[in-house]
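Heads up: the structure comes next, in structure tokens.
Protein chains: 2
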Amino acid sequence: MGSVERIQNVARRAVATQQAGHHVVVVVSAMAGETDRLLRLANEISTKPADREIDVLLATGEQVSIALLALAIAELGCEAQSFLGHQVQILTDGVHGSARIQTIDASPVEQALQRGAIVVIAGFQGVDERGNITTLGRGGSDLSAVAMAAALKADSCEIYSDVDGIYTTDPNLYAKARKIERISCEEMLELASLGAKVLQARSVEFALKFGVTLHCRSSFSQGEGSWVVPETHGEEGMQRAGMEGAVVTGIACDRQTAKITVQNLPDRPGAVAALFQPLAADQINVDVIIQNAPRDGRTDVSFTVPRAQADRAVALVRDLQATLRFDAVDCDKLVAKVSAVGAGMRSQPGVALRAFDALGKAGVNILLISTSEIKISCVVEDRHTALAVQVLHDAFSLEK
Amino acid sequence: MGSVERIQNVARRAVATQQAGHHVVVVVSAMAGETDRLLRLANEISTKPADREIDVLLATGEQVSIALLALAIAELGCEAQSFLGHQVQILTDGVHGSARIQTIDASPVEQALQRGAIVVIAGFQGVDERGNITTLGRGGSDLSAVAMAAALKADSCEIYSDVDGIYTTDPNLYAKARKIERISCEEMLELASLGAKVLQARSVEFALKFGVTLHCRSSFSQGEGSWVVPETHGEEGMQRAGMEGAVVTGIACDRQTAKITVQNLPDRPGAVAALFQPLAADQINVDVIIQNAPRDGRTDVSFTVPRAQADRAVALVRDLQATLRFDAVDCDKLVAKVSAVGAGMRSQPGVALRAFDALGKAGVNILLISTSEIKISCVVEDRHTALAVQVLHDAFSLEK
Chain A
5 MGSVERIQNV ARRAVATQQA GHHVVVVVSA MAGETDRLLR LANEISTKPA
55 DREIDVLLAT GEQVSIALLA LAIAELGCEA QSFLGHQVQI LTDGVHGSAR
105 IQTIDASPVE QALQRGAIVV IAGFQGVDER GNITTLGRGG SDLSAVAMAA
155 ALKADSCEIY SDVDGIYTTD PNLYAKARKI ERISCEEMLE LASLGAKVLQ
205 ARSVEFALKF GVTLHCRSSF SQGEGSWVVP ETHGEEGMQR AGMEGAVVTG
255 IACDRQTAKI TVQNLPDRPG AVAALFQPLA ADQINVDVII QNAPRDGRTD
305 VSFTVPRAQA DRAVALVRDL QATLRFDAVD CDKLVAKVSA VGAGMRSQPG
355 VALRAFDALG KAGVNILLIS TSEIKISCVV EDRHTALAVQ VLHDAFSLEK
Chain B
5 MGSVERIQNV ARRAVATQQA GHHVVVVVSA MAGETDRLLR LANEISTKPA
55 DREIDVLLAT GEQVSIALLA LAIAELGCEA QSFLGHQVQI LTDGVHGSAR
105 IQTIDASPVE QALQRGAIVV IAGFQGVDER GNITTLGRGG SDLSAVAMAA
155 ALKADSCEIY SDVDGIYTTD PNLYAKARKI ERISCEEMLE LASLGAKVLQ
205 ARSVEFALKF GVTLHCRSSF SQGEGSWVVP ETHGEEGMQR AGMEGAVVTG
255 IACDRQTAKI TVQNLPDRPG AVAALFQPLA ADQINVDVII QNAPRDGRTD
305 VSFTVPRAQA DRAVALVRDL QATLRFDAVD CDKLVAKVSA VGAGMRSQPG
355 VALRAFDALG KAGVNILLIS TSEIKISCVV EDRHTALAVQ VLHDAFSLEK
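Sequences listed follow chains A and B, in order.
Residues in the first sequence are numbered consecutively from 5, following this note's numbering.
Residues in the second sequence are numbered consecutively from 5, following this note's numbering.
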């Protein structure tokens, strides 16, 4: 939700959707800049603001939005009714700032819909069992929308943002990037966690778990966006791959990563576990892990961590040098992780080979490789990021 | 509640009060300008905004205030907990925009107080029995405070504003106006309804009904303000008057008034009732009513109405001219009502005479007179307002 004008646009769209014969529930976020304004006030007042009160504060942003949107819809001659998180009610645990939804009582919403009203719900907020206001954290409004769609067994949940869908890769990295018409939740999860910014992983997980079909669309245009469907893997995915020939659905990249290598670690039982234990204890998010086959009883272990945690991780590993008796620890912060994702990979051997071959021919040096059932990730030098994305995009004909 | 700085002032005062050994509950209003900002947004969007959604919108103002004040108190090292209207809970009827409080469940507040927390409550807002957000209308935050004080059986309820108490008259009209130390709710009700702006009549009525002692103080100074006490009339008032010699407590004036006179109304049963019936039906607030003794079977009837309703009232009366067969209807918009109020009047004969005598000697022409047990109101020409106030103030030695 942006300005007053944008609220009026949302109202027109909601009314048009109702006039097309649908029951309409709109879940809204705060107006643009409102959350920042409120946090600025809090930071003027408090050096260490209490999470509970920050939630009370931030929840007003969506409350203003629902009231204004309900007024805008009424102004167009339709009935509208707003609901706050505690009125719906969206019951969450008590973890302020990143609460998890537990149950939703959709019956007041269903009653309003039966009466013919367009329902407007405050996203991002809930209430714990003691009646405290909670908020769901980053991407919380999308999550509220998906959860409401699940509770209401809605046909689909439209997620509006300033982009018109999900692309085969970041159009800033490759102009040939193409909008994806349809993608599975599973693939979307890999893309979301790898850096695609349209949908938060939490929302997609929720959609997958409760069978909600998502439609990612632009607030600024009427065109179709991208459909994210909760189909289960297996036959359907294979058929789709076979019929359409699309083995890879998209290329994601994550440039906020660093590679750490521990050289000549003595290959003893428990040595690798001992290496990662302090990192886990310090909440450092270790991603790709590669261990070479041992040579002369020693091995190199490489792994990636978020770039912001790299120095801390290196320090923790260095503390272990005397105990574990490895030779050295290196850190390369100028790396990126580029991944090809596609449910079709399951049924197609040789996909990884095709990726490595294409990268090799383009002169991209692969530093680390990690694969799963539906993705291939390569850590490359940061300067090769765009090239790697383009080469993989071409190799799997994603522009077609 | 004004700026961030003002919130911090309130926090310091709350902490100081707790450290002086009290349980502290703070009821807050919205930050300065916030309500206007929200209404401006609503008016940009809606030509006829629905009351229910306006309440949802406006209630955010107090919600922001409670969160920020709780953070400011915590920043000073004390525990603080905020409560919204529906959390307290302040149960009201369902009349959006001017809801009436029905019950308050003070137990969550009492628990927080027992724990040692300073409790911060959103004023102005409540919740109806169906869970809809309601607001209490003008002066609603004061009313919330008085109601909470009643529910908690508090020692006193401090009402903060930008003035430091209740004055014997408006200091802008007479520089000799003196701050009143102590005034009864009954007297305050007469002063409030007559134009004193410190306390809304609703709050005083509530305080009287539930025996809450009010202390009207300035947000900007530490000094004592004025105490408004719920003592019942009768002996105590008489004793106070007798002991202190203070017959009159204050002089109020209302300049937003107009006088309407119906000339030569035939004096028949039901004629006066017929005159006022359409005014009542149109929600016109008729105040002082005077009917002269009939002469030749006819009488003049004069009354006052709020100046903004005068034209409408005249039009309604004129419609009756054919039916009631009076000669003419006049309207004088340049009048003011000046009133002397004091519980001591009950026990002192001759107070009215003293007032009329003083006004007469000063050359103030009295247009209408209306008296009750504890007040004398005179309608005078508007140009005589300040003079009348000063003369009455002097006549009852209020400057001493």
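Don't be surprised by glycine CBs; every beta carbon is placed ideally from N, CA and C.
| query | If you count every other CB in all the chains shown that lies within 10 Å of the CB of A/T261, and 16 or more means buried, which is it? | reply | Per the 10 Å Cβ criterion, buried.
| Contacts around B/Y164, its chain only, beta-carbon distance under 6 Å, and the 5 residues preceding and following it disregarded | When the five nearest sequence neighbours on each side are left out, the beta carbons in the same chain lying within less than 6 Å of the beta carbon of B/Y164 are those of R221, S223, in order along the chain.
| task | With DSSP as the reference, label A/A262 as helix, strand or coil. | result | Note: A/A262 maps to strand in three-state DSSP.
| A/L140 by DSSP, collapsed to three states: which one? | In this structure, A/L140 counts as coil in the three-state DSSP scheme.
| said: Determine whether the beta carbon atoms of A/F214 and A/V266 lie at a separation below 8 Å. | reply: Cβ atoms of A/F214 and A/V266: not closer than 8 Å.
| Coil, strand or helix - A/V176 by DSSP | For the record, residue 176 of chain A in the displayed sequence is Asn; it is not Val. The three-state reading of DSSP puts A/N176 in coil, since its state is none of H, G, I, E or B.
| request: Just grab the DSSP bridge partners of B/V208 for me. | output: B/V208 is not bridged by DSSP to any residue.
| query | Hey, quick one: how far does the alpha helix (DSSP H) through B/G65 stretch, first residue to last? | reply | In this chain, the alpha helix (DSSP H) harbouring B/G65 covers 55-79.
| What do you get for B/N1, buried or exposed, if any count of 16 or more other CB atoms within 10 angstroms of its CB means buried? | The question about residue 1 of chain B has no answer, for chain B in this structure spans 5 to 404.
| message | What would DSSP say about A/Q93, mapped onto helix, strand or coil? | response | Three-state DSSP puts A/Q93 in coil, outside helix and strand.
| task | Check distances from the C-beta atoms of the stretch 39-61 of chain B to those of chain A and list, in chain order, the residues that come in under 9 Å. | result | Correct list: L42, L45, A46, E48, I49, S50, T51, K52, P53, A54, R56, E57, I58, D59, V60, L61.
| task | Sort B/I255, B/D398, B/A181, B/Q91 by Cα distance to B/K341 and report the nearest one. | result | Considering only alpha carbons, the answer is B/I255.
| request: From the DSSP output, read off the bridge partner residues of A/F307. | output: According to DSSP, which records beta bridges pairwise, A/F307 is partnered with A/I264, A/I293.
| Using 8 Å as the threshold, is the stretch 380-389 of chain A in touch with the stretch 315-332 of chain A, meaning 3 or more CB pairs across them? | A contact between stretches requires three or more CB pairs, one per stretch, nearer than 8 Å, and the stretch 380-389 of chain A fails this requirement with the stretch 315-332 of chain A.
| Where A/L338 falls, given that 16 or more other Cβ within 10 Å makes a residue buried | Its Cβ having fewer than 16 others within 10 Å, A/L338 is exposed.
| query | Does any residue of chain B bring its CB to less than 8 Å from the CB of A/E79? | reply | At least one chain B Cβ lies under 8 Å of A/E79.
| field | Beta-carbon neighbours of A/L75, restricted to chain C and to distances below 7 Å | value | Chain labels in this structure do not include chain C; the protein chains are A and B.
| B/V14 to A/R10 span [Cα, whole Å] | The straight-line gap from Cα to Cα measures roughly 37 Å.
| said: With a threshold of 6 Å on Cβ separation, who are the neighbours of A/D291 within its own chain once the five nearest residues in sequence on each side are excluded? | reply: Cβ-Cβ distances below 6 Å link A/D291 to T308 in the same chain, with the five nearest sequence neighbours on each side left out; the list follows chain order.
| message | Please report the distance separating the alpha-carbon of B/V233 from that of B/L320. | response | For B/V233 and B/L320, the distance between alpha carbons rounds to 42 Å.
| Closer than 8 Å to chain B by CB, A/G141 | Closer than 8 Å: no.
| Between the stretch 125-157 of chain A and chain B, which residues of the former have CB atoms less than 7 Å from a CB of the latter, in chain order? | Residues of the stretch 125-157 of chain A that bring their beta carbon within less than 7 Å of a beta carbon in chain B comprise G135, in sequence order.
| query | Just curious, the alpha helix (DSSP H) that B/E228 is in, first and last residue? | reply | In the DSSP annotation of this structure, B/E228 is not part of any alpha helix (DSSP H), being labelled neither H nor E.
| In terms of residues, what are the limits of the alpha helix (DSSP H) holding B/I405? | Past the boundaries of the shown model lies residue 405 of chain B; chain B is included only from 5 to 404, so the question cannot be answered.
| message | To the nearest angstrom, how far is the alpha carbon of B/G241 from that of B/V345? | response | Confidence is the limiting factor: at B/G241 the pLDDT is only 46, short of 50, which leaves the residue's position unreliable and the question unanswerable from this model.
| request: Taking only beta-carbon positions, decide if A/I122 is within less than 8 Å of chain B. | output: For A/I122, the answer is no, since every Cβ of chain B falls outside 8 Å of its Cβ.
| said: Does A/L357 pass the burial test, meaning 16 or more other C-beta atoms within 10 Å, or should it be called exposed? | reply: That one is exposed.
| query | For A/D166, which of A/S225, A/A362, A/Q394 has the nearest alpha-carbon? | reply | When each option's Cα is compared against that of A/D166, the closest is A/S225.
| So what's A/I184 in DSSP terms, helix, strand or just coil? | Note: A/I184 maps to coil in three-state DSSP.
| query | B/T172: which of B/K201, B/E162, B/G144 sits nearest, CA to CA? | reply | Among B/K201, B/E162, B/G144, the Cα nearest to that of B/T172 is on B/K201.
| query | Listing by chain order, which chain A residues have their CB less than 8 Å from the CB of B/A20? | reply | Here the premise fails: no neighbours, minimum Cβ distance about 18 Å.
| Whole-number beta carbon distance between A/L283 and A/A305, since they are thought to touch under 8 Å | Per the sequence presented here, residue 305 of chain A reads as Val, with Ala not at that position. Contact doesn't hold; Cβ gap of about 12 Å is too wide.
| message | At the 8 Å Cβ level, is A/T64 part of the contact set with chain B, yes or no? | response | At least one CB of chain B lies nearer than 8 Å to the CB of A/T64.
| query | Mapping DSSP to helix, strand and coil, what is A/F214? | reply | Here A/F214 sits in helix by DSSP.
| query | What is the DSSP secondary structure of A/V234, reduced to helix, strand or coil? | reply | For clarity, residue 234 of chain A is Pro in the given sequence; the question names Val instead. Reduced to three states, the DSSP call for A/P234 is coil.
| Going by other Cβ atoms of all chains shown within 10 Å of its Cβ, with 16 needed for buried, is B/S111 buried or exposed? | B/S111 comes out exposed.
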